[in-house]
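**Student:**
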Amino acid sequence: MISSTDFRTGLTIEIDGGAWQVVEFQHVKPGKGAAFVRTKIKNVETGAVVERTFNPNEKMPPARLDTRRMEYLYETDGNYTLMDTETYEQMELTKEQLGDALNYLKENMEVNLQTFKNRIIGVSLPNSVELKVTECEPAVKGNTATGATKNATLETGYVVRVPLFINEGDILRIDTRTGNYIERA
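In terms of the working numbering, the sequence shown has 169 at position 155, counting the first letter as 1, and numbering is strictly consecutive.
1. Quick check on the DSSP output: what are the complete beta strand (DSSP E) runs of length 3 or more inside the stretch 165 to 194, in order along the chain?
2. Taking C-beta to C-beta, are THR81 and ASN126 nearer than 9 Å?
3. Closer than 8 Å by C-beta to ARG198: which residues in its own chain qualify, once you throw out the five before and the five after it? Chain order, please.
4. At what residues does the beta strand (DSSP E) containing LEU79 begin and finish?
5. As an exercise, report each continuous beta strand (DSSP E) stretch of at least 3 residues that is fully enclosed by the stretch 20 to 100, in chain order.
6. Which residues share a DSSP beta bridge with GLU197?
7. Identify, in the order they occur along the chain, each residue of the same chain with its Cβ nearer than 6 Å to the Cβ of THR67, setting aside the five sequence neighbours on each side.
8. What separation, rounded to the nearest whole angstrom, lies between the Cα atoms of GLN35 and LYS56?
9. DSSP state of LYS109, grouped into three classes?
10. Pick out whichever of LYS43, VAL58, LEU79, LEU116 has its Cα sitting closest to the Cα of PHE130.
11. Can you give the Cα-Cα distance for GLU121 and VAL176, rounded to whole angstroms?
12. Hey, how far is the Cα of PRO76 from the Cα of VAL64?
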């Protein structure tokens, strides 16, 4: 059991059968009355952020999140097949379960699948991925003094803003946390 006085940013706890991650916390000792812990916690499954206060003697169990290394294989009819790299067991996920990860997912890419009580709660990707530009407007000569950008469509269908010198066929490194262009690979 974890006491509310032991909260740290990133700690995952179980409240009412759900997994919650501490985003912010503050120990408050008012002049009158008892001390308390003011927190912002995020539901790991839905992403909802809630502010909540806890008594300092309140205890809750840690949430046990399991992470499995998976390899993305292919997509058929809106179902995305992943394979466990240790047991070779395959499972299918939907677009809703993958969420924004679809923007960066390539065949044979390794991802981490997170589960809580055998329910899939998310897919975590590497911090950056390399994707090929499939469609891009040509740069206009002399239009580079202002640091202008243009749209580029990547092999996954994701559209990203890139500098004018990027051309079709270039391989780009994209940050999966922000969705921004980093550099040419």
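Here a beta-carbon is modelled for each residue, glycine too, at the ideal position from N, C-alpha and C.
**Tutor:** Inspection of the coordinates gives the following:
1. Counting whole runs of 3 or more residues, the stretch 165 to 194 contains the beta strand (DSSP E) stretches 173 to 177, 185 to 189.
2. The sequence position of residue 81 within the sequence shown is 67, counting from 1. The sequence position of residue 126 within the sequence shown is 112, counting from 1. The beta carbons of THR81 and ASN126 sit closer together than 9 Å.
3. Taking the sequence shown and counting its residues from 1, one reaches residue 198 at position 184. Around ARG198: ILE180, ASP184, ILE185, LEU186, ARG187.
4. Counting from 1 along the sequence shown, the entry for residue 79 is found at position 65. Element bounds for LEU79: 79 to 90.
5. Those beta strand (DSSP E) runs which fall completely within the stretch 20 to 100 and span 3+ residues are 26 to 29, 32 to 42, 50 to 57, 63 to 68, 79 to 90, 93 to 98.
6. What you label residue 197 is simply residue 183 of the sequence shown in a count that begins at 1. Its beta-bridge partners are ARG187.
7. As a working mapping, residue 67 is identified with position 53 in the sequence shown. Non-local C-beta neighbours of THR67 in its own chain, meaning closer than 6 Å and more than five positions away in sequence, comprise PHE50, ARG52, ordered along the chain.
8. Here residue 35 corresponds to residue number 21 of the sequence shown, with the count starting at 1. Here residue 56 corresponds to residue number 42 of the sequence shown, with the count starting at 1. Between the alpha carbons of GLN35 and LYS56 lies a distance of about 5 Å.
9. Position 95 of the sequence shown holds residue 109. Reduced to three states, the DSSP call for LYS109 is helix.
10. Start at 1 with the first residue of the sequence shown, and residue 130 comes out as number 116. Looking only at LYS43, VAL58, LEU79, LEU116, the smallest Cα-Cα distance to PHE130 is reached by LEU79.
11. Numbered from its first residue, the sequence shown carries residue 121 at position 107. Numbered from its first residue, the sequence shown carries residue 176 at position 162. Roughly 24 Å between the two C-alpha positions.
12. Start at 1 with the first residue of the sequence shown, and residue 76 comes out as number 62. Start at 1 with the first residue of the sequence shown, and residue 64 comes out as number 50. So the alpha carbons of these two residues sit roughly 18 Å apart.
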